[in-house]
Amino acid sequence: MPEDAPLIAGHPTFGDITDQISGITERRTPPVWYLALGAAVSLLMVLVGSVGYLVWEGVGIWGLNNPVGWGWAIINFVWWVGIGHAGTLISAILFLLRQRWRTSINRFAEAMTLFAISCALIFPAIHVGRIWVVYWMFPVPNQMGMWPNFRSPLLWDVFAVSTYFTASLLFWYTGLIPDLATFRDRAVKKIKKYIFGALALGWRGGNRQWRHYELAYLILAGISTPLVLSVHSVVSTDFAVSILPGWHTTIFPPYFVAGAIFSGFAMVVTLTIVARKIFSLENIITVNHLEKMTKVILLTGSMVGYAYGMEFFIAWYSGNIYEQFVFINRAFGQYAWAYWIMIGCNVIVPQLFWFRKLRTSITVMFLASILINIGMWFERFVIVVTSLAQDFLPASWDYYKPTIWDISTFVGSFGLFFTLFLLFIRFLPMISMTEVKAVLPEADPHNYRHGDRHE
Amino acid sequence: MNNKATPRILGLMAQFDNPAALLEAAQKVRDAGYKKFDCHSPFPIHGMDRAMGLKRSSLGWLVGVAALAGTSGALALQWWSSSVAYPLVISGKPFFSFQAYVPVTFALGVLLSAFTALVGMLAFNGLPRLHHPVFYSDNFARTSNDAFFISIEADDPLFEIEKTSAFLTSTGGKNKEVLKEE
Numbered sequence: 030m031p032e033d034a035p036l037i038a039g040h041p042t043f044g045d046i047t048d049q050i051s052g053i054t055e056r057r058t059p060p061v062w063y064l065a066l067g068a069a070v071s072l073l074m075v076l077v078g079s080v081g082y083l084v085w086e087g088v089g090i091w092g093l094n095n096p097v098g099w100g101w102a103i104i105n106f107v108w109w110v111g112i113g114h115a116g117t118l119i120s121a122i123l124f125l126l127r128q129r130w131r132t133s134i135n136r137f138a139e140a141m142t143l144f145a146i147s148c149a150l151i152f153p154a155i156h157v158g159r160i161w162v163v164y165w166m167f168p169v170p171n172q173m174g175m176w177p178n179f180r181s182p183l184l185w186d187v188f189a190v191s192t193y194f195t196a197s198l199l200f201w202y203t204g205l206i207p208d209l210a211t212f213r214d215r216a217v218k219k220i221k222k223y224i225f226g227a228l229a230l231g232w233r234g235g236n237r238q239w240r241h242y243e244l245a246y247l248i249l250a251g252i253s254t255p256l257v258l259s260v261h262s263v264v265s266t267d268f269a270v271s272i273l274p275g276w277h278t279t280i281f282p283p284y285f286v287a288g289a290i291f292s293g294f295a296m297v298v299t300l301t302i303v304a305r306k307i308f309s310l311e312n313i314i315t316v317n318h319l320e321k322m323t324k325v326i327l328l329t330g331s332m333v334g335y336a337y338g339m340e341f342f343i344a345w346y347s348g349n350i351y352e353q354f355v356f357i358n359r360a361f362g363q364y365a366w367a368y369w370i371m372i373g374c375n376v377i378v379p380q381l382f383w384f385r386k387l388r389t390s391i392t393v394m395f396l397a398s399i400l401i402n403i404g405m406w407f408e409r410f411v412i413v414v415t416s417l418a419q420d421f422l423p424a425s426w427d428y429y430k431p432t433i434w435d436i437s438t439f440v441g442s443f444g445l446f447f448t449l450f451l452l453f454i455r456f457l458p459m460i461s462m463t464e465v466k467a468v469l470p471e472a473d474p475h476n477y478r479h480g481d482r483h484e
Numbered sequence: 297m298n299n300k301a302t303p304r305i306l307g308l309m310a311q312f313d314n315p316a317a318l319l320e321a322a323q324k325v326r327d328a329g330y331k332k333f334d335c336h337s338p339f340p341i342h343g344m345d346r347a348m349g350l351k352r353s354s355l356g357w358l359v360g361v362a363a364l365a366g367t368s369g370a371l372a373l374q375w376w377s378s379s380v381a382y383p384l385v386i387s388g389k390p391f392f393s394f395q396a397y398v399p400v401t402f403a404l405g406v407l408l409s410a411f412t413a414l415v416g417m418l419a420f421n422g423l424p425r426l427h428h429p430v431f432y433s434d435n436f437a438r439t440s441n442d443a444f445f446i447s448i449e450a451d452d453p454l455f456e457i458e459k460t461s462a463f464l465t466s467t468g469g470k471n472k473e474v475l476k477e478e
């Protein structure tokens, strides 16, 4: 993209931005929203039912068997957490790198992060089986005098993911405060004025406030940046620290982080394409924005492809026969079908984005982003299941199949995700008005210096 | 005690055309010696801190202290619970195996810093505060949309209603308003 192309198309004024973004929540609710919410809430009920039955009956309702003690619950957890990473990368790392194009998509992507982590957190919580003692994972003083084992990666995960959720929520809310003030000031109905008035905390937009606000935002971006890299690294140690061929590798942390950003950007692209179409946001989220995201997908997808290749190389180079067996088994064994879905979706599909024509085609992007998310789910399937199903003792080998409850819990988690997402786009500003205004050429005092402003 | 017929004057407010005009006016207000004034805008304006004569926010120090407290607290918790309260040998590792404590130490440091960044920012700004003289203005609602204002509070020692009002006009202020208690 040439550097002088405007970030926001059509030279809107500050007022135009406010009207366009606020208008989305102020207009009459479109009928398609009700349809979508109905579908999402129905799926949410499927989740509630599945989890309810799980709590009643126990993890035996899932397809877990003797060698495969981790199944869909862990796959889904890793998949959903990974998706969240794109939001934090956009909101924190791109902020520190002064990538001004992020302003059009950061609010949206951060919301996606929060909802994806909400879905993710369900799975480790319910897979413990006895969910009523899930508080044992936290260092809560108790009558048994028992404390959690801080030397276990599973416990690191509890802290990493819950911190990730909390820090993302605080960052998101900090970004929302000035926009909530806009909603407060535009509210016509008294009830709306009170709600947004309370949520905006009395924000006045004075520079005495902005100076603390901007530093707080910078600090939150600064501390969220290592979180993007650390959370999925910690998730990967759940695998890497155990002594199991296919899991016990040092490549896991960077490989998981690249995969997380890869799948997260794919999800952002999927959702953005739908939202910009339905709400006519093509001027704010331009093809340029989407193209930049496809470049991130190409980069991280190639890193993931490199990691797949390197795993094979190290299996051969290490001379470890167990490691070699696992990898040949992955590609040609009983789960070869899953492995080749993974390779097709994660290694081959992103290579389409080498071509500018395909990078700027909405249809190609949309289909590719969905395929990538399917591929990334299968990546976690391959990692979790193939290493476990054929373990050290051939007598205990087995074939893992999900049950209807595994499937309904996963499908139901989409209900939670989309219910939260639909409520978000209906009631809150889905694009940061403050930040979009700040990147308009009119926002820079230097553009007024010689009497008239430059475009 | 104010009686209802003559409401107490709380300040003055004027509108400016664009960020550049606001920046220029802010410098003039600063140079005139006013202390209790603020420049309201829909987004932060680059260079405004210097124009208003404000120092860099000291929030960073507060968050720094929080980060230290979070990390040292987390390390202390892990040492105490794994070595004193509930010493268990886990795969032959020492009770205080600090390498294994790094992820939780980091996470709790980040957690406390994030809370401190938001809560500290609000505290430095005196928020939440739902009641403020500028909210008495009829135009002020536009500051969160597309308008730029300077407000000078009546508490300022230099504040004199006529003089300050004329001064705001001379800086290019429009739509002047007297902020009064209602």
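First to last, the protein sequences are chains A and B.
Numbering-wise, the working numbering comes out as the position in the first sequence, counting from 1, plus 29.
Numbering-wise, the working numbering comes out as the position in the second sequence, counting from 1, plus 296.
Backbone N, C-alpha and C fix where the C-beta goes; we use that ideal spot for every residue, glycine too.
Quiz item: Just checking my contact of V297/A with A145/A at CB under 8 angstroms: how many whole Å lie between their CB atoms?
Solution: Your numbering for residue 297/A matches position 268 in the first sequence. Your numbering for residue 145/A matches position 116 in the first sequence. With 8 angstroms as the limit, V297/A and A145/A do not qualify as a contact, their Cβ atoms being about 10 angstroms apart.
Quiz item: Should the region 400–420 of chain B be regarded as contacting the region 340–348 of chain B, the criterion being three or more beta carbon pairs within less than 8 angstroms?
Solution: no
Quiz item: Under 9 angstroms, do T432/A and W91/A count as touching if we go by C-beta distance?
Solution: As a first step, residue 432/A is located in the first sequence; it is residue number 403 there, counting from the start. As a first step, residue 91/A is located in the first sequence; it is residue number 62 there, counting from the start. Yes.
Quiz item: How should F420/B be labelled, buried or exposed, when 16 other C-beta atoms within 10 angstroms of its C-beta is the threshold for buried?
Solution: Indexing the second sequence from 1 puts residue 420/B at position 124. By the neighbour-count rule (16 or more Cβ atoms within 10 Å), F420/B is buried.
Self-check item: Integer Cβ distance of R180/A from K389/B, believed to fall under 8 angstroms
Solution: Counted from its first residue, the first sequence places residue 180/A at position 151. Counted from its first residue, the second sequence places residue 389/B at position 93. Confirmed, about 6 angstroms.
Quiz prompt | Chain-ordered residues of the region 310–341 of chain B with a beta carbon less than 7 angstroms from chain A | solution = N314, P315, A316, L319, D334, C335, H336, S337, P338, F339, P340 and I341
Practice problem: Within its chain, find whatever has a CB closer than 7 angstroms to the CB of Y397/B; leave out the 5 residues flanking it on each side and keep chain order. | Solution: Start at 1 with the first residue of the second sequence, and residue 397/B comes out as number 101. So the list reads L371 and Q374, once near-sequence residues are dropped.
Quiz prompt | Cβ pair M309/B, K472/B closer than 9 angstroms | solution = For the purposes of this step, residue 309/B is taken as residue 13 along the second sequence, with counting starting at 1. For the purposes of this step, residue 472/B is taken as residue 176 along the second sequence, with counting starting at 1. The answer is yes: Cβ separation under 9 angstroms.
Exercise. Classify W85/A as buried or exposed, calling it buried when 16 or more other Cβ atoms lie within 10 Å of its own Cβ.
Key: As a first step, residue 85/A must be located in the first sequence, where it is residue number 56. Residue burial is scored here from C-beta neighbours: W85/A has fewer than 16 other C-beta atoms within 10 angstroms and is therefore classed as exposed.
Self-check item: Identified DSSP bridge partners for Q311/B
Solution: One-based indexing of the second sequence puts residue 311/B at position 15. F445/B and K470/B, per the DSSP bridge assignment.
Quiz item: If you draw a straight line from the alpha carbon of G349/B to that of L123/A, how long is it in whole angstroms?
Solution: Within the second sequence, the letter at position 53 stands for residue 349/B. Within the first sequence, the letter at position 94 stands for residue 123/A. Whole-angstrom Cα-Cα distance: 30 angstroms.
Quiz item: Does the region 448–455 of chain A touch the region 52–69 of chain A, meaning 3 or more C-beta pairs lie closer than 8 angstroms?
Solution: yes
Practice problem: Enumerate in chain order the residues of its own chain whose CB-to-CB distance from L449/A is below 6 angstroms, with the five nearest sequence positions on each side excluded. | Solution: By 1-based counting over the first sequence, the position of residue 449/A is 420. Same-chain partners within the cutoff: F144.
Practice problem: Report back the beta-carbon spacing between V333/A and G288/A to the nearest angstrom; my notes put them in contact at under 8 angstroms. | Solution: Counting from 1 along the first sequence, the entry for residue 333/A is found at position 304. Counting from 1 along the first sequence, the entry for residue 288/A is found at position 259. Indeed, because the Cβ distance is near 5 angstroms, the residues count as touching under 8 angstroms.
Quiz prompt | Cross-strand partners of I305/B (DSSP beta bridge) | solution = Numbered from 1 along the second sequence, position 9 holds the residue referred to as residue 305/B. Its beta-bridge partners are K476/B.
Quiz item: Taking just the CA atoms, how far does I305/B sit from M74/A?
Solution: As a position in the first sequence, residue 74/A is number 45, starting the count at 1. As a position in the second sequence, residue 305/B is number 9, starting the count at 1. Computed Cα separation, rounded: 57 angstroms.
Quiz item: Which two residues bound the contiguous beta strand (DSSP E) that contains S334/B?
Solution: Taking the second sequence and counting its residues from 1, one reaches residue 334/B at position 38. Checking the displayed sequence, the identity of residue 334/B turns out to be Asp instead of Ser. Unbroken beta strand (DSSP E) run through D334/B: F333 to H336.
Exercise. Measure from the C-beta of D452/B to each C-beta in chain A and report whether the shortest distance is under 9 angstroms.
Key: Taking the first residue of the second sequence as position 1, residue 452/B is located at position 156. So no, D452/B is outside the interface.
Quiz item: Can a CB atom of chain B be found closer than 9 angstroms to the CB of E139/A?
Solution: Within the first sequence, residue 139/A is the residue found at index 110, counting from 1. No, no contact with chain B.
Quiz item: Which residues in the same chain have their Cβ closer than 8 angstroms to the Cβ of F167/A, if we skip the five residues on either side of it in sequence?
Solution: For this step, residue 167/A is matched to residue 138 along the first sequence. P177 and V187.
Quiz item: What separation, rounded to the nearest whole angstrom, lies between the Cα atoms of S368/B and G422/B?
Solution: If you number the second sequence from 1, residue 368/B lands on position 72. If you number the second sequence from 1, residue 422/B lands on position 126. The C-alpha of S368/B lies about 29 angstroms from the C-alpha of G422/B.
Quiz item: Any C-beta of chain A sitting closer than 9 angstroms to the C-beta of S368/B?
Solution: Numbered from 1 along the second sequence, position 72 holds the residue referred to as residue 368/B. It does not: the Cβ of S368/B has no partner Cβ on chain A nearer than 9 angstroms.
Quiz item: Does DSSP put G275/A in a helix, a strand or coil?
Solution: One-based indexing of the first sequence puts residue 275/A at position 246. If DSSP states are grouped into helix, strand and coil, G275/A belongs with coil.
Exercise. Evaluate the contact criterion for the region 66–80 of chain A versus the region 425–445 of chain A: three or more CB pairs, one atom per stretch, below 8 angstroms.
Key: As far as the Cβ criterion goes, the region 66–80 of chain A touches the region 425–445 of chain A, which means the pair count is three or higher.
Exercise. At 9 angstroms on the CB atoms, spell out the chain A contacts of K389/B, in chain order.
Key: Taking the second sequence and counting its residues from 1, one reaches residue 389/B at position 93. Residues of chain A passing the Cβ test: R180.
Quiz item: Apart from the five residues just before and just after F268/A, which ones in its own chain have a Cβ nearer than 7 angstroms to its Cβ?
Solution: Reading the first sequence from its first residue, position 239 is the one you call residue 268/A. If we look at F268/A and ignore the five residues flanking it on each side, its Cβ neighbours are W276, F281 and I412.
Quiz item: Terminal residues of the continuous alpha helix (DSSP H) containing R352/B?
Solution: Along the second sequence, read from residue 1 onward, the residue named residue 352/B stands at position 56. Where R352/B is concerned, there is no enclosing alpha helix (DSSP H), given that its DSSP letter is neither H nor E.
Quiz item: Applying a beta-carbon distance threshold of less than 9 angstroms, which residues of chain A neighbour T439/B?
Solution: The residue you call residue 439/B lines up with position 143 of the second sequence. Under the 9 angstroms cutoff, chain A gives A210, D214, R233, G234 and G235.
Quiz item: So, is the C-beta of S447/B closer than 9 angstroms to a C-beta in chain A?
Solution: Working through the second sequence from its first residue, we reach residue 447/B at position 151. At least one chain A Cβ lies under 9 angstroms of S447/B.
Practice problem: Could you please tell me which residues of the region 399–429 of chain B, in chain order, have their CB closer than 8 angstroms to any CB of chain A? | Solution: P399, V400, F402, A403, L404, V406, L407, S409, A410, F411, A413, L414, G416, M417, L418, F420, N421, L423, P424, R425, L426, H427 and H428
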